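Peer 1:
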Amino acid sequence: MHTVIRNGRVIDPANRRDETADIYIAAGRIAAIGAAPASFSVQKEIDARGKWVLPGLVDLRAHLREPGQKHKGGIANETRAAAAGGITTVCCAPDTSPVIDSAAVVELIRRKASDAGMAHVLPLAALTQGLAGEQISEMYGLQQAGCVAVSNGKSPMANTLVLRRALEYAAGLDIPVLLYSEDPWLGASGCIHEGVVSTRLGLPGIPACAEVIAVGRDLMLVEQTGVRAHFCQLSSARAVELVAAAQKRGVPVSADVSAHQLYLTEMDVGQFNSLCHVRPPLRSQRDRDGLRAALGEGVIGAICSDHQPHDADAKLAPFPATEPGISALETLLPLTLRLVDEGVLPLHEAIGRVTWQPANILGLSAGTLSLGTRADICIVDPERYWTVSAKSLVSRGKNTPFTGWELKGKVTHTLLDGRLVYENHQ
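In this text, residue positions in the sequence shown follow my numbering: the first is 140, and each later residue adds one.
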């Protein structure tokens with residue numbers, strides 16, 4: 140279908156484009172921006188007057204809950220939520236059940252995503268078999284099956300020798316490694332940041348040094364092996380300082396942060412608010428401010444959702460027994476745009492952190508509006524306010540501490556390969 144998006148403010152940070160222009164789409168790709176290509180006959184027209192036309196968002200970490208926990212989410216439903224959030228490329232975390240450590244699981248996920256047709260789902264392969272941290276996974280076969288990177292999920296690596304061998308193997312394949320760094324002993328029994336709130340509530344804490352020590356160890360191994368490494372969901376200011384120092388030395392490392400870590404702190408746990416039970420935990424205001432500063436300086440190159448939908452019962456037990464995680468796909472873009480209003484990032488840099496920069500980390504051809512690329516596009520009404528509620532979320536998981544927050548910026552259209560997969564005029 141030949142589609143034209145008219146009169147929108149086209150913002151494409153990868154190409155430093157910011158102008159009011161028409162976008163012409165043919166055969167699922169961007170055919171032209173500005174003037175219509177020769178012999179272009181319009182079959183569908185979308186009026187984007189007063190709206191922003193952005194590249195489809197790229198999310199480096201989402202838990203789609205399939206296979207294994209479909210009662211919490213499922214690929215079809217959660218990619219529908221992704222489309223509602225303007226996300227067109229989703230990296231699927233490896234901690235499914237069974238784990239993404241075989242070509243058969245990769246094929247299942249890709250087929251389910253293709254059938255749903257709402258977003259590009261890119262599986263992340265397990266770094267070790269079963270994410271057990273004992274035997275290296277068959278990375279080459281997983282790469283050939285379609286995995287774009289390898290990851291230890293949220294399973295800390297205890298055996299340093301196994302981690303070194305895994306990084307060496309990945310370096311030989313030139314496949315990126317996404318590392319969740321946490322000391323497996325310091326953080327094993329905790330459920331909240333170790334600090335004044337954990338002491339007041341009498342809850343076992345996870346000290347910031349659990350992350351800092353693990354990041355330091357992992358950086359040394361990255362430097363030793365030369366692997367392309369990316370640190371996921373950093374939560375402490377000190378860990379970010381270590382990554383910044385490594386980047387200055389020329390070590391090939393990048394980092395991301397979950398959107399909720401840029402707003403919430405340990406104080407938001409309040410009186411055992413289980414919606415604020417996340418891993419890594421919400422830390423101090425000093426840590427939050429350090430993460431924001433690192434984002435502004437470019438040390439942190441991407442913002443991810445770390446989407447983890449849960450059924451209602453998962454958050455109803457006593458705090459330590461509840462399951463960690465936030466349903467976050469649909470709040471990723473508005474929370475990122477809010478950073479602009481709060482002076483953390485300029486508009487183009489904020490959009491870049493959720494489009495071309497995460498794509499660049501994995502070497503993906505996504506997150507841009509370059510001519511000839513796939514027409515993965517989201518259209519946003521930047522002045523529309525909406526309130527986060529169970530009713531407003533498309534995701535099956537309603538577990539978000541942002542319930543009741545009024546956010547600015549609402550996705551009105553999402554196109555995937557030139558097809559309109561989401562539309563909202565309310």
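C-beta: ideal position from N, C-alpha, C; glycine also. Computed from a predicted model, the values in this text were never measured in an experiment.
Report buried or exposed for M140, applying the criterion of at least 16 other Cβ atoms within 10 angstroms of its Cβ.
Peer 2: Here residue 140 refers to the residue found at position 1 when the sequence shown is read from its first residue. The residue in question, M140, is exposed, as its Cβ has fewer than 16 Cβ neighbours within 10 Å.
Peer 1: Below 8 Å on the Cβ atoms is my guess for G292 versus A232; work out the distance and round it to an integer in Å.
Peer 2: Translated into positions along the sequence shown, residue 292 becomes position 153. Translated into positions along the sequence shown, residue 232 becomes position 93. Between A232 and G292 the Cβ distance is about 6 Å, and since that is below 8 Å, they are a contact.
Peer 1: Which ranges does the beta strand (DSSP E) cover as unbroken runs of at least 3 residues, wholly within the region 266 to 324, from first to last along the chain?
Peer 2: Within the region 266 to 324, the complete beta strand (DSSP E) runs of at least 3 residues are 288 to 290, 316 to 318.
Peer 1: Would you kindly work out how many angstroms separate the C-alpha atoms of D313 and C443, rounded to a whole number?
Peer 2: The residue labelled residue 313 in the question sits at position 174 within the sequence shown. The residue labelled residue 443 in the question sits at position 304 within the sequence shown. About 23 Å.
Peer 1: Ignoring anything shorter than 3 residues, give me the beta strand (DSSP E) runs that lie fully in the region 311 to 394, in order along the chain.
Peer 2: Whole beta strand (DSSP E) segments, 3+ residues: 316 to 318, 368 to 370.
Peer 1: Can you list, in chain order, the residues of its chain with a C-beta nearer than 6 Å to that of E362? Leave out the 5 residues immediately preceding and following it.
Peer 2: The residue labelled residue 362 in the question sits at position 223 within the sequence shown. Answer for E362: V390, listed in chain order.
Peer 1: Excluding the 5 residues flanking Q274 on each side, which residues of the same chain have their C-beta closer than 7 Å to its C-beta?
Peer 2: Taking the sequence shown and counting its residues from 1, the one referred to as residue 274 is at position 135. Answer for Q274: T267, Q268, listed in chain order.
Peer 1: When you compare each of E545, V527, K547 to N538 by their alpha carbons, which one comes out closest?
Peer 2: Counting from 1 along the sequence shown, the entry for residue 538 is found at position 399. Per the Cα distances, V527.
Peer 1: Ordered along the chain, which non-local residues of its own chain (more than five positions away) have a Cβ less than 6 Å from that of R367?
Peer 2: Residue numbering aside, residue 367 sits at position 228 when the sequence shown is read from its first letter. Hits under 6 Å: P315, P391.
Peer 1: From L476 to T494, what does the alpha carbon distance come to, in whole angstroms?
Peer 2: Position 337 of the sequence shown, counting from 1, holds the residue named residue 476. Position 355 of the sequence shown, counting from 1, holds the residue named residue 494. L476 and T494: Cα-Cα distance of roughly 13 Å.
Peer 1: In angstroms, rounded to a whole number, what distance separates the CA positions of K549 and S276?
Peer 2: Along the sequence shown, read from residue 1 onward, the residue named residue 549 stands at position 410. Along the sequence shown, read from residue 1 onward, the residue named residue 276 stands at position 137. Taking the straight line from one Cα to the other gives about 41 Å.
Peer 1: Name the DSSP bridge partner or partners of K183?
Peer 2: Taking the first residue of the sequence shown as 1, we reach residue 183 at position 44. In the DSSP output, where bridge partners are listed per residue, K183 has T142.
Peer 1: List the DSSP bridge partners of R156.
Peer 2: Residue numbering aside, residue 156 sits at position 17 when the sequence shown is read from its first letter. Paired residue(s): D151.
Peer 1: What is the C-beta distance between C286 and L302, in whole angstroms, given that I count them as a contact (C-beta under 8 Å)?
Peer 2: Here the question's residue 286 lines up with position 147 in the sequence shown. Here the question's residue 302 lines up with position 163 in the sequence shown. C286 to L302, Cβ: 18 Å. No contact.
Peer 1: Any idea what DSSP makes of S253, helix, strand or coil?
Peer 2: For the purposes of this step, residue 253 is taken as the residue at position 114 of the sequence shown. In the structure shown, S253 sits in a helix (DSSP, three-state: H, G or I).
Peer 1: Please state whether DSSP places D426 in a helix, a strand or coil.
Peer 2: By one-based count along the sequence shown, residue 426 stands at place 287. It is helical.
Peer 1: Can you name the start and end residues of the beta strand (DSSP E) that E545 belongs to?
Peer 2: As a position in the sequence shown, residue 545 is number 406, starting the count at 1. Unbroken beta strand (DSSP E) run through E545: 545 to 555.
Peer 1: Using a threshold of 9 Å, state whether the C-beta atoms of K211 and G536 are closer than that.
Peer 2: Within the sequence shown, numbered from 1, the residue matching residue 211 stands at position 72. Within the sequence shown, numbered from 1, the residue matching residue 536 stands at position 397. Cβ distance < 9 Å, so K211 and G536 count as in contact.
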